[in-house]
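2 protein chains.
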Amino acid sequence: MIVAPQRLSFTEPLPLQGGAQLPAYELVYETYGTLSPARDNAVLICHALNASHHVAGHYTDAHGQPLPKSEGWWHNMVGPGKPVDTNRFFVIGVNNIGSCFGSTGPTHLNPATGQPWGADFPVVTVEDWVNAQARLLDALGIERLAAVMGGSLGGMQALSWTLQYPQRVRHAVIIASAPNLTAENIAFNEVARRAIVTDPDFHGGDYLRHGTKPRRGLRIARMIGHITYLSDDVMNEKFGRRLRPLVEAMRDGDVETAERLAYRYTTQEVEFEIESYLRYQGDKFSEYFDANTYLLITRALDYFDPARAYDGDLSAALARARADFLLVSFSTDWRFSPARSREIVKALLDNRRCVSYCEIDAPHGHDAFLLDDARYHAAVRAYFQHRVAAACRAQE
Amino acid sequence: MIVAPQRLSFTEPLPLQGGAQLPAYELVYETYGTLSPARDNAVLICHALNASHHVAGHYTDAHGQPLPKSEGWWHNMVGPGKPVDTNRFFVIGVNNIGSCFGSTGPTHLNPATGQPWGADFPVVTVEDWVNAQARLLDALGIERLAAVMGGSLGGMQALSWTLQYPQRVRHAVIIASAPNLTAENIAFNEVARRAIVTDPDFHGGDYLRHGTKPRRGLRIARMIGHITYLSDDVMNEKFGRRLRPLVEAMRDGDVETAERLAYRYTTQEVEFEIESYLRYQGDKFSEYFDANTYLLITRALDYFDPARAYDGDLSAALARARADFLLVSFSTDWRFSPARSREIVKALLDNRRCVSYCEIDAPHGHDAFLLDDARYHAAVRAYFQHRVAAACRAQE
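If you read the protein sequences in the order shown, they are chains A and B. Going by UniProt numbering, the letters in the first sequence line up with residues 1 to 396, in that order. Going by UniProt numbering, the letters in the second sequence line up with residues 1 to 396, in that order.
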């Protein structure tokens with residue numbers, strides 16, 4: 001599947017939950033499949049921290065050939081014949097405001113100053129993103145979604161859709177998500193933010209004007225993130241206590257060296273394979289991700305809490321929802337544990353919503369929502385085939 | 001109980017596991033209680049990352065008055081009438097080499113250069129610490145310990161004592177510890193180290209010569225540490241999603257303000273109480289802790305792995321032990337989980353050692369080993385009264 005991003009400009013300012021408003025802005029998005037004549041087969045995919053509108057398919061080079069490694073972040077989930085089947089559904093991936101992957105964000109110019117927004121970019125929330133997404137649907141002529149779907153922070157957007165626009169969502173698919181962050185979740189976000197903000201290259205958020213980037217802080221932020229995305233078990237299986245040079249020697253078939261190799265006794269150099277992995281992930285991330293975007297998106301996570309206006313009563317908060325729901329959680333996900341998904345399930349059942357819930361016994365921790373897992377994909381496939389598609393047919 | 005630290009100089013170089021040797025060095029230690037004429041009631045307490053020889057009792061001011069807040073780090077465990085009763089036992093607290101609390105470490109002068117050791121301080125391991133502690137016992141005329149005891153990294157030292165000096169340990173009390181670190185444990189250590197080492201004020205470890213300190217890195221390291229010391233549950237209970245200004249307003253009885261207060265929508269300022277707590281802990285730590293010491297001690301944690309020389313067979317590794325054992329773990333400790341303590345228990349039972357094991361249902365996570373918990377303290381008290389004291393009497 002060959003795809004290309006599209007771009008839409010919005011001239012009406014977007015009022016934000018924080019009190020500010022975003023003047024003229026742009027949204028970058030992609031679509032896969034064909035919108036039905038009845039315009040009733042649209043599925044909106046919401047992205048999490050480190051993702052974008054590029055959900056599925058490949059980009060092409062100048063000769064129209066698929067670019068290697070250009071597949072979208074949910075390529076295994078969305079596409080022709082995939083669990084979210086683009087032969088049946090018209091799927092929309094949209095990049096959120098505040099991102100560094102195309103839609104208006106802190107690296108763009110602030111029309112009021114002619115300088116990059118930087119730290120002055122207004123705080124955006126899950127609710128703001130949903131409002132912006134709703135305007136995109138207006139522009140595309142889609143009144144009602146067959147489904148809204150997302151994992152992690154994307155799941156929060158899907159949940160918020162059912163509360164902000166209850167009449168516009170037929171189904172919500174919420175994967176590895178939570179009704180809000182715990183203190184520990186916020187704590188991890190805060191450490192990552194402090195690492196970024198106290199990096200001398202951050203310059204109060206105006207690093208672009210200083211021709212630099214807070215790479216050290218971004219590296220630390222990403223390393224922390226990676227630890228929380230994986231389960232303890234999968235880390236032990238993938239890396240264990242293996243030494244880095246040992247792994248290299250064995251890869252070269254040099255068993256003699258491998259056997260001779262032992263601790264090198266160093267405090268600053270890489271000793272264990274897990275260290276090398278984290279450093280690599282941190283380095284890579286620090287090259288392409290924007291620091292102000294990291295602050296904005298982690299804050300959107302922190303702030304999301306639909307029960308807050310109801311004194312913490314999630315059942316009361318979800319009373320507005322009209323959609324049917326599929327929730328999926330993963331047994332080893334300690335960032336957004338199954339217990340958090342079950343809170344949402346319970347609150348929906350309290351409101352007599354129609355809810356399917358799958359708790360998948362998977363070893364991969366939070367990352368599982370992005371990985372191939374036969375039972376997980378089968379559950380999503382079945383839900384889309386039997387429930388979401390049926391709802392479209394019923395309207396036909 | 002009024003106490004004062006003592007200091008002993010050792011002129012014989014200490015050979016280190018990493019291949020280097022430490023020339024003349026000093027150990028700072030404290031003792032509580034009285035050594036019996038038979039010299040058979042000595043209990044050695046080993047410290048963890050952020051602790052020292054000052055286990056119990058108070059220091060005094062110039063007028064001999066107890067200094068407020070000067071009590072030792074295990075004050076609730078060690079003292080007259082406490083679980084480790086200094087009316088009965090002669091308790092020794094010793095500061096480890098590489099520390100920044102008195103014993104020879106990276107802030108001290110390297111005799112070869114006349115400059116602070118800094119990053120040139122040799123890597124030290126749990127085994128090296130135990131060897132240094134054994135020399136201290138030699139100097140104090142103690143051939144055999146009634147018990148060696150420690151929590152977390154201190155528990156690793158206690159376990160290593162039973163392997164390095166099996167004849168010199170009657171009982172080992174190992175609390176909230178593990179036979180080695182998991183990949184996830186190492187990963188958290190590595191992120192903390194990267195935060196320190198990449199702080200521009202680190203200067204490759206020679207920050208003292210530059211008249212500075214890598215405070216930013218130390219703050220991040222401490223914040224990460226604090227998250228892993230606490231359980232998710234206790235964090236939710238202590239902090240939850242409470243907002244910082246809200247807490248302040250309510251503390252002042254200003255309910256009207258508290259009710260008015262809501263999210264302030266800020267990416268860089270404190271919003272949640274948990275953020276304020278972590279920042280405070282990080283700031284405090286960065287003022288008194290030495291960065292090179294942090295690197296050394298986390299590496300000692302990473303390297304400890306007695307089963308390593310036995311192809312990972314912990315039962316084979318522990319075959320040398322001759323002591324009796326008490327192990328304690330805490331249900332919500334996800335840093336050193338009960339499963340890790342049970343690995344040690346199983347390996348000891350495989351060797352037909354006499355082992356008592358308590359898994360305490362406590363909400364506080366890893367921190368529980370430092371806190372008052374009636375069942376935990378009762379178990380340690382009973383073990384010392386009935387088992388450790390009996391062993392002393394049997395020798396009398």
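Think of the CB as a built atom: it goes at the ideal place given N, C-alpha and C, for glycine as much as any other residue.
- For the C-beta of Asn180/A, the chain B residues within less than 8 Å are, from N- to C-terminus, Arg241.
- At a cut-off of 9 Å between C-beta atoms, Met223/B counts as an interface residue with respect to chain A.
- The CB of Arg219/B comes closer than 8 Å to the CB of Arg194 and Thr198 in chain A, given here in chain order.
- At a beta-carbon threshold of 8 Å, the residues of chain A lying near Ile186/B are Arg241, Phe272, Ile274 and Glu275, ordered along the chain.
- Per DSSP, the unbroken alpha helix (DSSP H) holding Glu190/A starts and ends at Ala183 to Val197.
- DSSP places Glu275/B in the helix class (H, G or I) of the three-state scheme.
- For Ala20/B, same chain residues with a beta-carbon under 7 Å away, outside a window of 5 residues either side, are Pro122 in chain order.
- Boundaries of the alpha helix (DSSP H) harbouring Tyr229/B: Arg215 to Tyr229, taken from the DSSP string.
- Shortest Cα-Cα distance from Ala172/A to any of Ala195/A, Phe285/A, Ala132/A and Leu44/A involves Leu44/A.
- With respect to the 9 Å criterion, Ala51/A and Phe101/A are classified as neighbours on the basis of their beta carbons.
- Excluding the 5 residues flanking it on each side, Thr107/B has same chain C-beta neighbours closer than 7 Å at Cys100, Pro116, Leu208 and Asp290, in chain order.
- Secondary structure of Ser99/A (DSSP, three-state): coil.
- Comparing alpha-carbon positions, the option among Arg39/A, Ala192/A and Ser341/A lying closest to Ile142/A turns out to be Arg39/A.
- Taking C-alpha positions only, Thr267/A is separated from Phe10/A by approximately 52 Å.
- Residue pairing for Ala42/A: DSSP places it in a beta bridge opposite Phe90/A.
- By the Cβ criterion, the stretch 350 to 359 of chain A is not in contact with the stretch 211 to 223 of chain A, since fewer than three pairs of Cβ atoms, one from each stretch, lie closer than 8 Å.
- Annotation: Cβ neighbours of Leu295/B in chain A (cutoff 8 Å, chain order): Thr267 and Gln268.
- Residue-level contact check: Asp305/A touches chain B, since one or more beta carbons of chain B fall below 9 Å from its beta carbon.
- By DSSP's assignment, Phe330/A forms a beta bridge with Ile360/A.
- For Gly105/A, there is no enclosing alpha helix (DSSP H), since its DSSP letter is neither H nor E.
- DSSP lists no beta-bridge partner residue for Leu296/B.
- For the 9 Å CB-CB criterion, Ser160/A and Ala48/A do not form a contact.
- Three or more Cβ pairs closer than 8 Å define a contact, and the stretch 372 to 388 of chain B meets that threshold against the stretch 74 to 90 of chain B.
- Distance from Leu218/B to Tyr294/B at the Cβ level is roughly 7 Å; contact confirmed, criterion being Cβ atoms closer than 8 Å.
- Taking 9 Å as the CB threshold, Ala119/B lines the interface with chain A.
- Between the alpha carbons of His53/A and Ile2/A lies a gap of roughly 14 Å.
- For the stretch 92 to 110 of chain A, the beta-carbon criterion of a distance under 7 Å to any beta-carbon of chain B is satisfied by none of its residues.
- CA-to-CA, the gap between Tyr165/B and Arg381/B works out to about 25 Å.
- Contacts with chain B at 9 Å (Cβ-Cβ) include Gln17/A.
- Using a Cβ-Cβ distance cut-off of 8 Å, the stretch 298 to 309 of chain A and the stretch 327 to 335 of chain A are not in contact, since fewer than three pairs of beta carbons, one from each stretch, lie closer than that value.
- For the C-beta of Glu71/A, not a single chain B residue is nearer than 7 Å; the gap to the nearest is close to 28 Å.
- For the pair Ile92/B and Phe188/A, the Cα-to-Cα distance works out to about 37 Å.
- Taking a beta-carbon distance threshold of 9 Å, Arg387/A does not count as an interface residue toward chain B.
- Lys213/B counts as buried, since no fewer than 16 other beta carbons sit within 10 angstroms of its beta carbon.
- Shown here, Gly33/B sits in coil according to DSSP, grouped into three states, outside any helix or strand.
- Nearest CB-CB separation between Leu278/A and chain B: below the 9 Å threshold.
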